[in-house]
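Below is one structure, written out as structure tokens; the observations come after it.
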Amino acid sequence: MGKLANLFGWIGLWGYVFALLNYFVKYINKRYINKIGKNKFTNAYRGIMKYIVKYHKIAGIIATASILIHFYLMLTKGKVSVTGVIAALIMIIVAILGVYYYGIKKRARGSWVKVHKILSIILIVLVVFHVLFAKAFLVRLSH
């Protein structure tokens, strides 16, 4: 079960990384690519960006679901990392904001978007910290 838990942890990580690319490709496009005339490079970049933007929501859902499965499997193993719990809680908040405003409100504007982005950036640090130090902050639960 430990290998399965790790697999879902890594799936969650890579789903999150893919979802996070949304912010960076849009930023680079706005800041640099839009200032370059149309050419093969800018067309290729925008093609990649279109793909990343299109699958941002799905990647976020996969990441969050995978992390929840990872947490459940670790919990049933009787091991929980404090760093993982903190990172997972932030990821769930980011996901809830995304689902609520993109899915229910049908709009992507307002201060909540800043919160969504800021928490996503903070989550980078939390995930790296968790991957590096999960064992140091591991809590063994007794059944």
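Numbers given in my numbering equal positions in the sequence shown, counted from 1, plus 910.
Glycine included, every Cβ here is placed at the ideal spot set by N, Cα and C.
All of these numbers come straight from a predicted model, not from anything done at the bench.
Could you tell me the boundaries of the beta strand (DSSP E) in which residue i lies?
i	result
Val992	Here Val992 belongs to no beta strand (DSSP E); instead the alpha helix (DSSP H) covers 992-1008.
What is the C-beta distance between residue i and residue j, in whole angstroms, given that I count them as a contact (C-beta under 8 Å)?
i	j	result
Met959	Val995	Actually they do not touch by this definition, with Cβ atoms about 34 Å apart.
Gly922	Ala973	5 Å
Ala1005	Leu1036	At roughly 14 Å, the Cβ-Cβ gap does not stay under 8 Å, so Ala1005 and Leu1036 are not in contact.
Thr952	Ile938	With 8 Å as the limit, Thr952 and Ile938 do not qualify as a contact, their Cβ atoms being about 11 Å apart.
Met1001	Leu1042	Rounded, the Cβ-Cβ distance is 17 Å, inconsistent with contact.
Gly912	Lys987	6 Å
His980	Ala915	6 Å
Ile962	Leu931	5 Å
In terms of residues, what are the limits of the alpha helix (DSSP H) holding residue i?
i	result
Leu1051	Note, Leu1051: premise wrong, no alpha helix (DSSP H); not H, not E.
Leu1032	This sequence places Ile at residue 1032; Leu is not what is there. Run containing Ile1032: 1021-1043, per the alpha helix (DSSP H) assignment.
Tyr961	950-964
Gly925	912-941
Across which residues does DSSP place residue i in a beta bridge pair?
i	result
Lys989	Arg1050
Between the options, which has its C-alpha nearest residue i's C-alpha?
i	options	result
His966	Phe918, Tyr1012, Ala1046, Leu1029	Tyr1012
Tyr1085	Ser976, Met984, Leu1029	Absent from the structure is residue 1085, since the part of the chain shown begins at 911 and ends at 1053.
Leu1051	Lys964, His1040, His1026, Leu985	Leu985
At a cut-off of 7 Å, would you count residue i as near the ligand NAD, judging by its Cβ distance to the nearest heavy atom?
i	result
Phe934	The ligand NAD is absent from the structure shown, which contains no ligand whatsoever.
*asked:* Quick test of the definition: if touching needs 3 or more C-beta pairs under 8 Å, does the stretch 986-1006 touch the stretch 939-950?
replied: no
_With three or more C-beta pairs closer than 8 Å as the rule, is the stretch 925-933 touching the stretch 969-983?_
yes
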